[in-house]
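Q:
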Amino acid sequence: MANLKPYRVTVGRGRTTILRLSEETVKRSYPDAEELKVGPEPTTPESPKPRTRTRSKAAEK
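Residue numbering for the sequence shown is 1 to 61, as defined by full-length UniProt numbering.
(1) Does the contact criterion of 3 or more C-beta pairs under 8 Å hold for the stretch 34-42 versus the stretch 7-21?
(2) The alpha helix (DSSP H) that contains Arg28, what's its start and end?
(3) Do you know how far the Cα of Pro40 is from the Cα of Arg20?
(4) Going by DSSP, name the residue or residues bridged to Glu34.
(5) Tell me the DSSP secondary structure of Arg55 in three-state form.
What follows is the structure, encoded as structure tokens:
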């Protein structure tokens, strides 16, 4: 069984599409194909929300 991986290939007049291809097919038919990474999208931690400024009452003496 061939090991299929996703590749971005150019077909037709500059149109790109994603195909699952074996390495042999890529070498033979799509030399300009770019292999795509498979996995979850990297997540970035949420940026901390700025604290709201509160007005303090002037200290009474």
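Even for Gly, the Cβ is constructed at its ideal location relative to N, Cα and C.
A: Inspection of the coordinates gives the following:
(1) A contact between stretches requires three or more CB pairs, one per stretch, nearer than 8 Å, and the stretch 34-42 meets this requirement with the stretch 7-21.
(2) Taken as a continuous stretch (DSSP letters only), the alpha helix (DSSP H) holding Arg28 covers 23-29.
(3) Annotation: Arg20 to Pro40 spans about 18 Å, alpha carbon to alpha carbon.
(4) Residue pairing for Glu34: DSSP places it in a beta bridge opposite Arg8.
(5) In this structure, Arg55 counts as coil in the three-state DSSP scheme.
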